[in-house]
Amino acid sequence: DAKTTQPPSMDCAEGRAANLPCNHSTISGNEYVYWYRQIHSQGPQYIIHGLKNNETNEMASLIITEDRKSSTLILPHATLRDTAVYYCIVRVEGTNRDDKIIFGKGTRLHILP
Amino acid sequence: ETGVTQTPRHLVMGMTNKKSLKCEQHLGHNAMYWYKQSAKKPLELMFVYNFKEQTENNSVPSRFSPECPNSSHLFLHLHTLQPEDSALYLCASSQERGVADTQYFGPGTRLTVL
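Those sequence lines, one after another, are chains A and B.
Going letter by letter, the first sequence gives residues 242 to 354 in the numbering used here.
Going letter by letter, the second sequence gives residues 544 to 657 in the numbering used here.
So, in structure tokens, the structure goes:
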């Protein structure tokens with residue numbers, strides 16, 4: 242089972258900031274939060290990841306709460322090309338100390354013109 | 544372009560056919576993965592290879608047979624598939640299996656089993 246909870250869908254106006262929430266209340270101290278997105282009929286695309294500190298790259302910003310139980314992905318100026326399913330993923334440590342990536346259902350983000 | 548290519552992009556096969564999916568990564572990575580994405584279901588990890596050695600098989604039926612001849616290439620051999628195996632098959636690679644290794648995905652092969 243995925244260890245994250247995301248809203249199934251969200252709308253955002255073009256040009257505005259899109260803020261996608263994710264709950265991961267059972268996250269462990271050494272688990273990272275990753276965000277991927279999948280545009281229709283394409284492979285998932287890596288966006289950003291973080292452990293404790295907030296992170297920013299050319300695509301997005303990741304805000305992680307101090308208790309690490311939730312995070313928010315921010316797309317600062319959403320465009321129509323940002324319409325996709327966004328996956329928030331917490332790395333799970335497997336039985337052989339090999340971590341797994343488990344994708345949940347994600348948030349379907351619609352950017353409205 | 545993510546540096547991971549997959550061929551073919553689309554494949555239609557009968558239940559008695561044998562076919563293979565190919566994945567190639569140009570990123571110098573050492574870990575490669577096969578995922579299955581069925582309609583309206585989350586992405587499912589199938590196989591993991593790390594330095595050409597299979598490290599994970601998530602209870603995948605034997606009609607799916609992976610092969611990793613080197614760190615840059617990964618194959619998925621298919622035989623006697625069922626219609627419910629129709630899905631998008633995604634390949635990914637990462638630097639090495641371990642914590643915080645970012646996975647880069649290919650575009651996928653859309654498989655239809657008749």
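Glycine residues also receive a C-beta, built at the ideal position from the N, C-alpha and C atoms.
query: Need the endpoints of the beta strand (DSSP E) that B/L621 sits in, please.; result: 616-622
query: Would A/G345 pass as an interface residue toward chain B - the criterion being a Cβ-Cβ separation below 8 Å?; result: yes
query: For A/R257, count neighbouring C-beta atoms within 10 Å of its own C-beta (all shown protein chains included) and say buried if the count is 16 or more, exposed if not.; result: exposed
query: Cβ of B/C611 versus every heavy atom of the ligand MN: is any distance shorter than 7 Å?; result: In the structure on display, the ligand MN does not appear, and there are no ligands present to speak of.
query: Return no unless some Cβ of chain A is closer than 8 Å to the Cβ of B/Q597.; result: no
query: So which residues on chain B does A/I342 lean against when the C-beta distance must stay under 8 Å?; result: L588, Q646
query: Measure from the C-beta of A/H351 to each C-beta in chain B and report whether the shortest distance is under 8 Å.; result: no
query: Closest by CA to B/S606, which one among B/E596, B/T545, B/N613, B/E627?; result: Residue identity check: residue 606 of chain B is Arg in the sequence provided, not Ser. Looking at the Cα atoms, B/E627 is the closest of the given residues.
query: State yes or no: is the C-beta of A/L303 within less than 8 Å of the C-beta of A/Y273?; result: no
query: Closer than 8 Å, CB to CB, is A/Q247 near chain B or not?; result: no
query: Please list the residues of the region 280-292 of chain A that have a C-beta atom closer than 9 Å to any C-beta atom in chain B, keeping them in chain order.; result: S282, Q283, G284, P285, Q286, Y287, H290, L292
query: Just to confirm before moving on: does the CB-CB distance between A/Y328 and B/T645 stay below 8 Å?; result: no
query: For B/N600, which residues in the same chain have their Cβ closer than 7 Å to its Cβ, ignoring the five residues on either side in sequence?; result: F590
query: Just checking: is the beta-carbon of B/P585 within a distance shorter than 8 Å of some beta-carbon in chain A?; result: yes
query: So if DSSP puts B/D644 in a beta bridge, which residue, or which two residues, is it bridged to?; result: In the DSSP output, where bridge partners are listed per residue, B/D644 has none listed.
query: Please decide whether B/G649 counts as near chain A, where near means a Cβ-Cβ distance under 8 Å.; result: yes
query: Quick one, are the C-beta atoms of A/G284 and B/P612 less than 8 Å apart?; result: no
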